[in-house]
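Peer 1: Just so we're aligned, residue 744 is where the sequence shown starts under my numbering, counting upward by one. We treat Cβ as the ideally placed atom computed from N, Cα and C, and that holds for glycine. Here's a structure for you.
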Amino acid sequence: MNSPNRIRTDTASKSTAGPHAAPPAANARFDWPVVAVLIAGFLWAYWPTLVSLVQIWDREPDYSHGFLVIPLAGCFLWLNRERRPGFRLHWIGLLVIALSIGLRTVGIRFAIDSVDGYSILAWAAGVALLLGGGPMLRWAAPAIMFLFFMVPLPFRIEILLSQQLQSVATQISCFVLQLLGQPAFAENTTILLGDQQLKVEQACSGMRIFFGTFALAFAYIIFVRRELWEIVILLLSAAPIALIVNSLRIVATGLLYQNYSGEMARKFSHDISGWVMIPLAAALFGLLTLYLNRLVRETSPLELSELVNRKRSEA
């Protein structure tokens, strides 16, 4: 026969395991030796890759945002730390880590830098699987996918995309200049503007803005949880916003050429515009989200009894 004290103890223990109990992650602890080995192994295997990426971020303006990618990915994990599942070793993660090392070996062997860089994502996924299995991988997936933006595109894809962006930006900018009453005509990737020739070179194709805008959209979706349909709209709007912003930069440069001096236009195009375009893209995203918030409003269901009471009070 159980004593009253025993019954109260059992009841209390059950109540603490209710829906308001602390998540497993709150009591879980790092297996620090495993983490230390993983970090040391990563630095040993990927140090040349990391040095190469930093050099590209520093040298190539189109990828200068790479310096922000890893810190932002860390912020995503930190902000969602309360949702983190508990730590439990799943050795299948070692297979994924081995696969990432294999991808890196292929990238180095055949001089495919992008494969070498993207293997870091596979390594991060393997670490998440190792430390917590599927739940940990799902929790870390947004941050891992965000690492995509720190790796330069494969050369052929970059050239093809840059050429398409050049062509589209030239046509849009020429059309806007014509609407503004300017004598503008497009010839390939050159805008004939009066007696001036405004060449939309590869550096002006908008790759930097294109990448930055997609990274901005992805980061916003992670930071501010939205409905699925809103996520789709925001992702689909990234490319048009990038094209609009880059075209506005070219239009502003053309107007400066026409009305002021070539030196001022070049200074704006190469120096000032780089600091203005991403904030402008962020402002356009802000306007879009405000519109989406006004487009659909959440309402609470109205009970039939409450509706009847309202009708009676009005009568």
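(1) Assign Q925 to buried or exposed, taking buried as 16 or more other Cβ atoms, counted over all protein chains shown, within 10 Å of its Cβ.
(2) Between the beta-carbon of F819 and the beta-carbon of A886, is there less than 8 Å?
(3) Is DSSP giving F1067 helix, strand or coil here?
(4) Any beta carbon from chain C within less than 8 Å of L796's own beta carbon?
(5) Assuming contact is defined by CB atoms lying nearer than 8 Å, are T932 and S910 in contact in what I supplied?
(6) Of all the options V988, P804, L941, which has the alpha carbon lying nearest to the alpha carbon of P1022?
(7) Anyone know if the C-beta pair for I984 and A1024 falls short of 8 Å?
(8) On the three-state DSSP scale, how would you describe I799?
(9) Just mark R802 as buried or exposed, buried being the case when its beta carbon has 16 or more other beta carbons within 10 Å.
(10) Looking at I844: is its Cβ nearer than 8 Å to the Cβ of L873?
(11) Per DSSP, what kind of secondary structure is I855 in: helix, strand or coil?
(12) For G860, I'd like the list of residues in its chain whose CB is within less than 6 Å of its CB, leaving aside the five on either flank, ordered along the chain.
(13) DSSP on S1048, reduced to helix/strand/coil?
(14) Does the stretch 888-902 touch the stretch 855-870, meaning 3 or more C-beta pairs lie closer than 8 Å?
Peer 2: Working from what's here:
(1) By the neighbour-count rule (16 or more Cβ atoms within 10 Å), Q925 is buried.
(2) The Cβ atoms of F819 and A886 sit closer than 8 Å to each other.
(3) In the structure displayed, the chain extends from 744 to 1058; residue 1067 sits before or after that span and is not available.
(4) Reference to chain C is not applicable here, since this structure consists of a single protein chain.
(5) A contact, by the Cβ cut-off of 8 Å.
(6) Nearest in C-alpha terms to P1022, of all of V988, P804, L941, is V988.
(7) For I984 and A1024, yes; Cβs fall inside 8 Å.
(8) DSSP places I799 within a helical segment (H, G or I) once states are collapsed to three.
(9) Under this definition R802 is an exposed residue.
(10) In this structure, L873 does not lie closer than 8 Å to I844 by Cβ.
(11) In the three-state reduction of the DSSP assignment, I855 falls in the coil class.
(12) The residues V894, in chain order, have a CB closer than 6 Å to that of G860 in the same chain once the five nearest residues on each side in sequence are set aside.
(13) DSSP places S1048 in helix when its eight states are reduced to three.
(14) The stretch 855-870 vs the stretch 888-902: in contact.
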